[in-house]
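Visitor:
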Amino acid sequence: MENSINKYLQLSTPEELHEECHQWFSELEFIKDEQLFLDELIKKYTIPLISEKLYTTSLTLVGTLSKEEKSINDLQQECKDHCNHIEALLSHGCSAAEKKEYIVTHHYLKVAVFEYIEQYKNTKKALFDAIKSILKSENSKLLPKT
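If you use my numbering, the sequence shown corresponds to residues 9 to 154, in order.
(1) Quick check: what's the CA-CA separation for Tyr110 versus Tyr128?
(2) Measure from the alpha carbon of Glu106 to the alpha carbon of each residue in His90, Glu42, Lys51, Glu76, then state which is nearest.
(3) Please name the residue, chosen from Thr131, Glu27, Phe45, that lies closest to Gly71 on a Cα-to-Cα basis.
(4) Less than 8 Å between the CB atoms is what I'm expecting for Leu83 and Leu36, so what's the real figure, rounded?
(5) Identify, in the order they occur along the chain, each residue of the same chain with its Cβ nearer than 6 Å to the Cβ of Met9, setting aside the five sequence neighbours on each side.
(6) Identify the continuous alpha helix (DSSP H) that holds Leu98 and give its terminal residues.
(7) For Ser8 versus Pro56, is the C-beta distance shorter than 9 Å?
(8) So for Met9, helix, strand or coil by DSSP?
(9) Just mark Glu42 as buried or exposed, buried being the case when its beta carbon has 16 or more other beta carbons within 10 Å.
(10) Would Leu49 pass as a contact of Ile139 if the rule is Cβ separation under 9 Å?
(11) So, is His114 buried or exposed, given that buried needs 16 or more other C-beta atoms within 10 angstroms?
(12) Within 10 angstroms of its Cβ, does Ile94 collect 16 or more other Cβ (buried), or is it exposed?
(13) Does DSSP classify Thr21 as helix, strand or coil?
(14) Looking at Glu23 and Leu117, is the spacing between their C-beta atoms short of 9 Å?
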């Protein structure tokens with residue numbers, strides 16, 4: 009598997025790697041916007057989220073989301089630095105050692121971004137599930153009893 013990854017990266021042109029890096033940056037930027045929405049959602053449903061029934065789950069979710077909000081800036085900065093490095097290499101050319109270095113860095117970032125996005129999706133889904141259960145509970149209270 010490691011060899012196939014290295015082969016893929018080595019066969020990719022610096023332009024393709026640069027484009028992929030920009031795509032990661034864009035995805036992370038979108039997630040930052042989504043996190044603002046999730047923060048507002050948490051504020052709106054704070055009281056039901058801290059109810060006895062959902063307290064432990066909510067505490068874990070809010071803590072995880074907070075960590076993700078803090079770590080996204082570092083990951084975005086790493087992507088930006090990597091893109092800038094590739095741009096410099098594209099305009100000035102690069103040695104074999106420099107190519108190996110940016111390929112290793114690119115692979116590391118690819119894995120880090122993928123893992124971050126997967127973790128974020130899981131957190132978001134869990135938060136939506138918690139909010140959904142709150143809404144179902146609130147709606148069932150509003151329905152007339154027959």
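Idealized CB from N, CA, C, for every residue including glycine. This structure is a prediction, so every number in the text was calculated from the model and none was measured.
Guide: Quick look at the numbers:
(1) Here residue 110 corresponds to residue number 102 of the sequence shown, with the count starting at 1. Here residue 128 corresponds to residue number 120 of the sequence shown, with the count starting at 1. The alpha-carbon separation between Tyr110 and Tyr128 amounts to approximately 26 Å.
(2) To locate residue 106, count along the sequence shown from 1; it is residue 98. Closest option to Glu106, Cα to Cα, is His90.
(3) The residue labelled residue 71 in the question sits at position 63 within the sequence shown. When each option's Cα is compared against that of Gly71, the closest is Thr131.
(4) Position 75 of the sequence shown holds residue 83. Position 28 of the sequence shown holds residue 36. Yes, Leu83 and Leu36 are in contact; Cβ-Cβ is about 6 Å, under 8 Å.
(5) Numbered from its first residue, the sequence shown carries residue 9 at position 1. Note that Met9 has pLDDT 48, beneath the 50 cutoff, so the model's placement of it is unreliable and no number is given.
(6) To locate residue 98, count along the sequence shown from 1; it is residue 90. Looking at the DSSP string, the run of the alpha helix (DSSP H) that includes Leu98 is 63 to 100.
(7) Lying before the first or after the last residue shown, residue 8 is absent from the chain, which here runs from 9 to 154.
(8) Numbered from 1 along the sequence shown, position 1 holds the residue referred to as residue 9. Caution applies to Met9, whose pLDDT of 48 falls short of 50 and renders its modelled position unreliable; the value that the coordinates give is listed next. In the structure shown, the three-state DSSP call for Met9 is coil.
(9) Taking the sequence shown and counting its residues from 1, one reaches residue 42 at position 34. So Glu42 counts as exposed.
(10) Locating residue 49 in the sequence shown gives position 41, where the first residue counts as 1. Locating residue 139 in the sequence shown gives position 131, where the first residue counts as 1. In this structure, Leu49 sits near Ile139, with a CB-CB distance shorter than 9 Å.
(11) To locate residue 114, count along the sequence shown from 1; it is residue 106. So His114 ends up on the buried side.
(12) By one-based count along the sequence shown, residue 94 stands at place 86. If you draw a 10 Å sphere on the C-beta of Ile94, you find 16 or more other C-beta atoms in it, and that means buried.
(13) Within the sequence shown, residue 21 is the residue found at index 13, counting from 1. In this structure, Thr21 counts as coil in the three-state DSSP scheme.
(14) For this step, residue 117 is matched to residue 109 along the sequence shown. For this step, residue 23 is matched to residue 15 along the sequence shown. It is not a contact, given that the beta carbons lie outside the stated cut-off.
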